[in-house]
Amino acid sequence: MTQPLNTYRTGPDERGHFGQFGGRYVAETLMPLILDVERAYAEARQDPSFKAELSYYLTHYVGRPSPLYYAERLTAELGGAKIYLKREELNHTGAHKINNCMGQILLAKRMGKRRIIAETGAGQHGVATATVCALFGLPCVIYMGETDIARQQPNVFRMKLLGAEVRPAKSGARTLKDAMNDAMRDWVTNVEDTFYIIGTVAGPHPYPAMVRDFQSIIGEEVREQMQQAEGRLPDSLVACVGGGSNAIGIFHPFLDEPSVRMVAVEAAGYGIETGQHAASLTGGRPGVLHGNRTYLLQDEDGQIVEGHSISAGLDYPGIGPEHAWLHDVKRVEYVSATDQEALDAFKLLARTEGILPALEPAHALAHVTRLAPTLPRDHLMVMNLSGRGDKDIFTVARHMGVSL
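In structure tokens form, the structure reads like this:
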């Protein structure tokens, strides 16, 4: 990729590559549609009317800007850094996912598509997709692994209430990877009238860049809100990472700020050493899956290894290609947190701030509890609270031995 040495923000190149990662590895049947999506998005992002329509819905329907909240009691509990939470869980539907879904549904309408499909793991992307489809009157099919359907029942019910058809993925571990496989098959079969709303910064080009662009509003708001609150930029940003849409959303507007440290937290599951985790960068190696080259969990023969995490949104066995590149060029630090550490962090935020985080950002919070006490009191840290934990109370209760 040809890229000026003084910026991390110009990628991908014209073929969708971030260094050796990304690209467009799809069936021949899909290539014309992928190129149509790329052309339509390139035109839309330059069109003031598209920007104005997206801005209107983000403000008046999603509820942006989301607050930047000083977590005073959490800060006092941990000591050290002053901790702010970017409250994406206060968005309509309860997570950052709707930022991207709103952008993609407006693009689908612009392209004249009459049917929407999506995949989902934790259900937050599925709920957000079902919501925008209801808003604009488009039929919607959501693919979701049977395992995830069982552990995310509240979100499954919400999708159905919103009018979506939830189709179970029954292959493999019956989780997000398998749901994405089924969605890809549907897309190939119904290529003429169907738009695939991908929920994270993965998949074939232009999806990783397009989803990143729609989610970058998170970091853009943090820049402005921190200037208002403290008169300067934050010193560090922390976010969980599965596919990586919330992390790249808050990181990207700061990538060229050398003073801002960025830490992404993968799911270590039962522990990296057990092999039962979903930490693609910590425990994976480069390969090709779902239309892009990136770090993947694989066995010695290159077969995909199922990821494990207590969080249904973090058990994808890969990661977005821009994260793979940022890892290799060492601009972002990638660490991990176990299921138990995430559960402990979940309970800590409930007790200190009266907020139930989703189990996904609870992984980021677990690392905040390690990092913040080591930093000075004038260090400004922002954690992206990417979703709320209502959907996870059954999982948390089960691990606490409570029957609901």
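Numbered per this note's numbering, the sequence shown spans residues 117 to 520. The beta-carbon is built from N, C-alpha and C at its ideal position, and this holds for glycine as well. Note that the structure is a prediction, hence the values are computed from the model and not measured.
Taking the C-beta atoms as reference points, Val257 is found nearer than 7 Å to Ile233.
Here Ile314 carries a coil assignment [DSSP, helix/strand/coil]. Going by DSSP, Arg493 is part of no beta strand (DSSP E) at all; its letter is neither H nor E. Met326 counts as buried, since no fewer than 16 other beta carbons sit within 10 angstroms of its beta carbon.
Gly210 places its beta carbon less than 7 Å from that of Arg504. For the region 359 to 435, the full-length alpha helix (DSSP H) segments reaching 4 residues or more read 361 to 367 and 396 to 399 along the chain. In this structure, DSSP gives Gly261 an extended state, which the three-state scheme calls strand.
Under DSSP, no beta-bridge partner is assigned to Glu188.
Taking Asn271 as reference, the option from Gly196, Lys507 and Ile334 with the minimal CA-CA separation is Lys507.
A check of alpha carbon separations from Arg189 across Val142, Leu464, Thr126 and Thr490 identifies Leu464 as the nearest. Between Asp372 and His495, the gap from beta carbon to beta carbon reaches 7 Å or more. CA-to-CA, the gap between Pro164 and Thr236 works out to about 31 Å.
The region 189 to 204 makes no contact with the region 143 to 162, as fewer than three CB pairs between them are under 8 Å. Taking a 10 Å sphere around the C-beta of Val317, we find 16 or more other C-beta atoms and assign the residue as buried. Between Arg339 and His368, the gap from beta carbon to beta carbon reaches 7 Å or more. For Thr305, the enclosing alpha helix (DSSP H) covers residues Leu292 to Thr305.
Under the DSSP assignment, Lys202 falls in the beta strand (DSSP E) whose first and last residues are Lys198 to Arg203. Every beta strand (DSSP E) stretch that sits fully inside the region 204 to 243 and reaches 3 residues is listed by chain position as 231 to 236.
Distance from the Cα of Gly127 is smallest, within the candidate group Gly429, Leu459, Ile364 and Asp415, for Ile364.
Inclusion of Leu501 and Arg203 in the CB contact set at 7 Å is warranted, their separation being smaller than that value. Setting aside the 5 residues that flank it on each side, Pro255 is surrounded in the same chain by Arg231, each with a C-beta closer than 6 Å to its C-beta; the list follows chain order. Scanning the region 126 to 165 for uninterrupted alpha helix (DSSP H) segments of 4 residues or longer gives 147 to 160, listed from N- to C-terminal end. Taking every protein chain shown into account, the CB of Ala513 has fewer than 16 other CB atoms within 10 angstroms, so this residue is exposed.
A Cβ-Cβ distance of about 5 Å is found for the pair Leu206 and Ser182, placing them in contact under the 8 Å criterion. If you draw a straight line from the Cα of Thr305 to the Cα of Val376, it comes to about 45 Å. Among the bridge pairs identified by DSSP, Cys356 is matched with Val381. Less than 7 Å divides the Cβ of Glu449 from the Cβ of Val379. The beta carbon of Thr490 is closer than 8 Å to those of Gly196 in its chain, skipping five residues each way along the sequence.
Contact between Gly436 and Leu413 is absent: CB atoms are separated by about 15 Å, not below the 8 Å threshold. As a beta-bridge residue in DSSP terms, Val498 pairs with Tyr200 and Leu353. For Pro284, there is no enclosing alpha helix (DSSP H); the enclosing beta strand (DSSP E) covers residues Glu281 to Ala285.
The alpha carbon of Val498 has as its nearest neighbour, out of Arg161, Val445, Ile366 and Arg409, the alpha carbon of Ile366. Counting the other CB atoms within 10 Å of its CB gives Met516 a total below 16, which places it among the exposed residues. When DSSP states are grouped into helix, strand and coil, Arg447 belongs to the coil group.
A direct Cα-to-Cα measurement between Arg161 and Arg226 gives close to 12 Å. Distance from His176 to Met296 at the Cβ level is roughly 32 Å; contact not present, criterion being Cβ atoms closer than 8 Å.
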